[in-house]
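Novice: Below: one structure in C-alpha coordinates.
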Amino acid sequence: MTLENIIKEKKGTIVDVRSHEEFMGGHVAGSINIPLQTIPERVEELKDLHSPLILCCASGNRSGQAQHYLSQQGLDCYNGGSWLDVNYYQSK
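As C-alpha coordinates, then:
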(Lines of atoms letter the chains of each structure in order from A and count residues from 1; the text may use other names and numbers.)
(Lines give C-alpha, C1' and ligand atoms only; values in the text may rest on other atoms or scores of the structure.)
Protein backbone atom coordinates (compact mmCIF):
# COMPACT_ATOMS: atom_id res chain seq x y z
CA MET A 1 0.00 0.00 0.00
CA THR A 2 1.35 3.42 -0.91
CA LEU A 3 1.84 6.22 1.60
CA GLU A 4 -0.82 8.22 -0.22
CA ASN A 5 -3.35 5.38 0.23
CA ILE A 6 -2.45 4.93 3.89
CA ILE A 7 -3.18 8.63 4.46
CA LYS A 8 -6.31 8.71 2.30
CA GLU A 9 -7.80 5.63 3.94
CA LYS A 10 -6.81 6.82 7.46
CA LYS A 11 -4.90 3.58 8.12
CA GLY A 12 -2.49 5.10 10.67
CA THR A 13 -1.83 8.09 12.90
CA ILE A 14 -0.52 11.40 11.56
CA VAL A 15 2.12 12.84 13.89
CA ASP A 16 3.28 16.42 13.27
CA VAL A 17 6.80 16.88 14.67
CA ARG A 18 6.91 20.68 14.31
CA SER A 19 6.92 22.99 17.33
CA HIS A 20 3.64 23.63 19.15
CA GLU A 21 3.59 27.19 17.75
CA GLU A 22 4.00 25.98 14.17
CA PHE A 23 1.33 23.32 14.71
CA MET A 24 -1.13 25.91 16.05
CA GLY A 25 -0.55 27.96 12.89
CA GLY A 26 -2.07 25.16 10.80
CA HIS A 27 -2.03 21.37 10.72
CA VAL A 28 -3.61 18.27 9.22
CA ALA A 29 -7.09 17.60 10.65
CA GLY A 30 -6.91 14.80 13.18
CA SER A 31 -3.13 14.92 13.50
CA ILE A 32 -1.34 15.02 16.83
CA ASN A 33 1.60 17.25 17.72
CA ILE A 34 4.72 15.69 19.21
CA PRO A 35 7.65 18.08 18.62
CA LEU A 36 10.83 16.42 17.31
CA GLN A 37 12.90 17.20 20.41
CA THR A 38 10.37 15.38 22.64
CA ILE A 39 10.25 12.18 20.53
CA PRO A 40 12.88 10.21 22.54
CA GLU A 41 11.02 10.70 25.84
CA ARG A 42 7.65 9.89 24.26
CA VAL A 43 8.51 6.63 22.46
CA GLU A 44 6.23 4.54 24.71
CA GLU A 45 3.33 6.93 24.00
CA LEU A 46 4.05 6.65 20.26
CA LYS A 47 4.08 2.84 20.48
CA ASP A 48 0.49 2.96 21.78
CA LEU A 49 -0.80 4.92 18.77
CA HIS A 50 -2.55 3.27 15.82
CA SER A 51 0.23 2.37 13.39
CA PRO A 52 1.71 3.04 10.98
CA LEU A 53 2.76 6.51 12.06
CA ILE A 54 2.83 9.12 9.29
CA LEU A 55 5.30 11.78 10.36
CA CYS A 56 5.17 15.27 8.92
CA CYS A 57 6.69 18.70 9.50
CA ALA A 58 7.27 21.83 7.40
CA SER A 59 9.57 20.40 4.72
CA GLY A 60 10.19 16.73 5.49
CA ASN A 61 13.55 17.24 7.22
CA ARG A 62 12.46 16.93 10.85
CA SER A 63 9.96 14.18 10.03
CA GLY A 64 12.80 12.32 8.27
CA GLN A 65 14.89 12.54 11.44
CA ALA A 66 11.94 11.32 13.52
CA GLN A 67 11.27 8.45 11.08
CA HIS A 68 14.91 7.33 11.22
CA TYR A 69 14.95 7.37 15.03
CA LEU A 70 11.55 5.71 15.51
CA SER A 71 12.23 2.96 12.97
CA GLN A 72 15.39 2.13 14.97
CA GLN A 73 13.09 1.79 18.02
CA GLY A 74 11.01 -0.78 16.10
CA LEU A 75 8.05 1.45 15.19
CA ASP A 76 6.25 1.17 11.85
CA CYS A 77 6.47 4.71 10.48
CA TYR A 78 6.78 6.76 7.32
CA ASN A 79 8.16 10.18 6.50
CA GLY A 80 5.11 11.94 5.06
CA GLY A 81 7.17 15.07 4.30
CA SER A 82 5.44 18.43 4.46
CA TRP A 83 2.21 18.60 6.45
CA LEU A 84 0.73 20.40 3.44
CA ASP A 85 1.35 17.33 1.27
CA VAL A 86 -0.16 15.02 3.90
CA ASN A 87 -3.14 17.38 4.17
CA TYR A 88 -3.56 17.25 0.38
CA TYR A 89 -3.53 13.43 0.29
CA GLN A 90 -6.04 13.26 3.15
CA SER A 91 -8.42 15.65 1.38
CA LYS A 92 -8.44 13.73 -1.95
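In terms of the UniProt record's numbering, the sequence shown is residues 1 to 92. All residues carry an ideal CB built from backbone N, CA and C; glycine is no exception. Because the structure is a prediction, the values reported are computed rather than measured.
1. Let me check understanding here. Comparing Cα to Cα, which of V15, P35, K92, L49 lies closest to E21?
2. Quick one: grab the DSSP three-state call for S82.
3. For A66, count neighbouring Cβ atoms within 10 angstroms of its own Cβ and tell me buried if that reaches 16, exposed if not.
4. Among T38, E44, A29, whose alpha-carbon lies nearest the alpha-carbon of V17?
5. Please confirm whether I7 and Y69 have their CB atoms less than 8 Å apart.
6. Here's the rule: buried if 16 or more other CB atoms are within 10 angstroms of the residue's CB, otherwise exposed. What is G30?
7. Using beta-carbon positions only, say whether N79 and S59 come within less than 8 Å of one another.
8. How far does the alpha helix (DSSP H) with V15 in it reach, from first residue to last?
9. So, for E44: in the same chain, excluding its five sequence neighbours on each side, which residues have a beta-carbon less than 8 Å away from its beta-carbon?
Specialist: Working from what's here:
1. By 1-based counting over the sequence shown, the position of residue 21 is 21. Measuring from the Cα of E21, the nearest candidate turns out to be P35.
2. By 1-based counting over the sequence shown, the position of residue 82 is 82. Strand.
3. Your numbering for residue 66 matches position 66 in the sequence shown. A66 comes out buried.
4. Taking the sequence shown and counting its residues from 1, the one referred to as residue 17 is at position 17. Selected option, being the one with the closest Cα: T38.
5. Looking up residue 7 in the sequence shown gives position 7. Looking up residue 69 in the sequence shown gives position 69. Contact: no.
6. Translated into positions along the sequence shown, residue 30 becomes position 30. G30 should be labelled exposed.
7. In the sequence shown, residue 79 corresponds to position 79, counting from 1. In the sequence shown, residue 59 corresponds to position 59, counting from 1. Their beta carbons are not under 8 Å apart, which means N79 does not touch S59 by this criterion.
8. Residue numbering aside, residue 15 sits at position 15 when the sequence shown is read from its first letter. Residue range 13-16 is occupied by the beta strand (DSSP E) that includes V15, with no alpha helix (DSSP H) assigned at that position.
9. For this step, residue 44 is matched to residue 44 along the sequence shown. Closer than 8 Å at Cβ, skipping near neighbours: no residue.
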